[in-house]
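What follows is a short report on a single structure.
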Amino acid sequence: MVKKRVTQVDIARATGVSQATVSQVLSNKGLVGIPAETHQRIFEAASALGYAPDVAARSLRTGRTLTIASVIPDITNPFYPEFQHGIQSVTDDHGYDLILYNTGGGAEKERKSLHSLQERRVDGAIVVLFHMGAARLRDLLETGTAIVRLVAKKPDDSEWPLDNLYLNNEAAAHAATTYLAGRGHRLIAFIGGELGPSPERARGYRRALSEAGLQVSQDLMRLGNFTFEGGRQAAHELLALPGSPTAVFAANDLMALGALAALRELSLRAPDDLAVMGFDDLPAASLVSPALTTVTQFSNRLGHRAAEMLFEHLAGVVPNQGRSEEAPFELCIRESA
Numbered sequence: 001m002v003k004k005r006v007t008q009v010d011i012a013r014a015t016g017v018s019q020a021t022v023s024q025v026l027s028n029k030g031l032v033g034i035p036a037e038t039h040q041r042i043f044e045a046a047s048a049l050g051y052a053p054d055v056a057a058r059s060l061r062t063g064r065t066l067t068i069a070s071v072i073p074d075i076t077n078p079f080y081p082e083f084q085h086g087i088q089s090v091t092d093d094h095g096y097d098l099i100l101y102n103t104g105g106g107a108e109k110e111r112k113s114l115h116s117l118q119e120r121r122v123d124g125a126i127v128v129l130f131h132m133g134a135a136r137l138r139d140l141l142e143t144g145t146a147i148v149r150l151v152a153k154k155p156d157d158s159e160w161p162l163d164n165l166y167l168n169n170e171a172a173a174h175a176a177t178t179y180l181a182g183r184g185h186r187l188i189a190f191i192g193g194e195l196g197p198s199p200e201r202a203r204g205y206r207r208a209l210s211e212a213g214l215q216v217s218q219d220l221m222r223l224g225n226f227t228f229e230g231g232r233q234a235a236h237e238l239l240a241l242p243g244s245p246t247a248v249f250a251a252n253d254l255m256a257l258g259a260l261a262a263l264r265e266l267s268l269r270a271p272d273d274l275a276v277m278g279f280d281d282l283p284a285a286s287l288v289s290p291a292l293t294t295v296t297q298f299s300n301r302l303g304h305r306a307a308e309m310l311f312e313h314l315a316g317v318v319p320n321q322g323r324s325e326e327a328p329f330e331l332c333i334r335e336s337a
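For what it's worth, full-length UniProt numbering labels the leading residue of the sequence shown as 1, then goes sequentially.
Structure, rendered in C-alpha cells:
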C-alpha cells in the first residue's frame, strides 16, 4: 500500500496553526511576527511526520527548478574538485541542488552537456568550455538560464549578455616566467597543452622571455597535456637536450609534479639541477619535497565567486548579464624555484 504523502495541511493540524503560517515557516518567507516557539513546533512536527517538500509543485509555482549545473572539462584534475567545492558552498546556502557535467574536454560532450542543461531547464549554469563559444549558449540564454563562464582571458563577446569570471592567464604566466628570469635563469623551458588556458600561458611565457632579452626557442617548449605523466615525459625530453634548460615553467601543477618526478628518477633535484615552477597551487604542491613554487589562482574562491555572480543575477541584484570580472592570482614562492 502506498503511504500517503504528508502535506503542510497535516502539519497545520498537528500544530494548531494555519497552513499559511506553516508555509511561511517552511519556505523561510514572511517570518516577522511568528514566535520562535511556533517555528520550533512546526519544524518538530514536520520531522516527526516525515514531511518532504514537493519540489515539482514548487517548480510549477515559482517557475524555477532550484537546480544549478556545473560543466567542467576534467574532474580528475585536482583544480576542479576545489572549484566545485566553492560552487557547492554557495548553492547549499541557497537551498539549490547542484548537478555536475564532466566533459573530458571534448567538443561533443560539451555540446551534449549544454543540450541536457536546456532539457532540464536548470536555473543557472557555471561553465568551463574549451570548444563551445558564446554563440552556442544562445539557446540556454533564451530559456532564461543564468550563465557564468570561467574563461582563460578577458572575453570580447560583448554582443552576448554573459557573465564571465576570468583569470588573466597571460599576465600570470608572464609573472611566473619573469620571476625565473630574475633568478638568473637564461634557458627557461615551458610545458603546456593544446587547449584551455595553455595558449594564454604560453603567450605570457614568450612575452616575458622577450622582455628579458632571452631567446624564445621552440626546442624548449613541450606538450604535457595537463597530466602528471605528460609533465614527467616532457621533463625527461628537456633534460636530454644538449644545453638543457636550468628552469621550467609548467602550465599546471600536475605537469610540474611530473617534472619533479622525472628529476628524482634521474637522481637530480630542484632547484639545483632544474628549477620548477607550476600553476594552480593544488593541495599537493605544498606537500611534496621540495615544495612546489607555483601560481595560485584560489580555485575554491573562484568557484565561490562564480556561484555568487550567478545568484546575484537570479536574485535580480544585477539588472543584466554581461559582467566580466577578473580573478586574482599570486606567485607562491616555495622551494622548487
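In this text, a Cβ means the ideal position worked out from N, Cα and C, and glycines have one as well. Predicted model, so just to flag it, every value in this text is computed and none were measured.
**Request:** For Asn252, write down the residues that DSSP places opposite it in a beta bridge.
**Result:** In the DSSP output, where bridge partners are listed per residue, Asn252 has none listed.
**Request:** Only counting runs of 4 or more residues, tell me where the alpha helix (DSSP H) segments fall wholly within the region 134–205, in order along the chain.
**Result:** 138–142 and 169–182
**Asked** Given that a residue counts as buried once 16 or more other Cβ atoms are within 10 Å of its Cβ, and exposed if not, what is Gln215?
**Response** Exposed is the call here.
**Request:** Could you name the residues of the same chain whose beta carbon sits closer than 6 Å to that of Ala262, not counting the 5 residues immediately before and after it, in chain order?
**Result:** Arg232, Ala235 and His236
**Request:** Select from Ala327, Ala189 and Ser336 the residue whose C-alpha is nearest the C-alpha of Leu287.
**Result:** Ser336
**Prompt:** If we count Cβ pairs, one from each stretch, closer than 8 Å, do we get three or more for the region 100–109 versus the region 288–302?
**Reply:** no
**Request:** Flag Leu331 as yes when its Cβ comes closer than 7 Å to any non-hydrogen atom of the ligand ATP, and as no otherwise.
**Result:** No copy of the ligand ATP appears in this structure; indeed no ligand is present at all.
**Message:** Less than 6 Å between C-beta atoms, sequence neighbours within five positions excluded: which residues of the same chain meet that for Leu129?
**Reply:** Glu110
**Asked** Leu266 to Pro290, Cα distance in whole Å?
**Response** 15 Å
**Message:** Can you give me the C-alpha to C-alpha distance between His174 and Leu187, rounded to a whole angstrom?
**Reply:** 15 Å
**Prompt:** Going by DSSP, what residues sit across from Tyr101 in a beta bridge?
**Reply:** Val71
**Prompt:** Between which two residues does the alpha helix (DSSP H) harbouring Ala52 extend?
**Reply:** Here Ala52 belongs to no alpha helix (DSSP H), and DSSP marks it neither H nor E.
**Supposed close pair Met132, Leu114 - CB separation, criterion 8 Å** = 6 Å
**Message:** Between Lys196 and Thr177, how many whole angstroms is the CB-CB distance? I'm expecting something under 8 Å.
**Reply:** Per the sequence presented here, residue 196 reads as Gly, with Lys not at that position. Contact flag wrong, Cβ pair sits at about 19 Å.
**Request:** Thinking Ala307 and Ile11 are a contact (beta carbons under 8 Å), I'd like their distance in whole angstroms, please.
**Result:** Not a contact, Cβ separation roughly 32 Å.
**Item:** Local Cβ density within 10 Å of Arg222, reported as buried at 16 or more and exposed below that
**Value:** buried
**Item:** Arg222 - DSSP class collapsed to helix/strand/coil
**Value:** strand
**Start and end residues, alpha helix (DSSP H) containing Met309** = Counting along the chain, the unbroken alpha helix (DSSP H) around Met309 starts and ends at Ser299 to Leu314.
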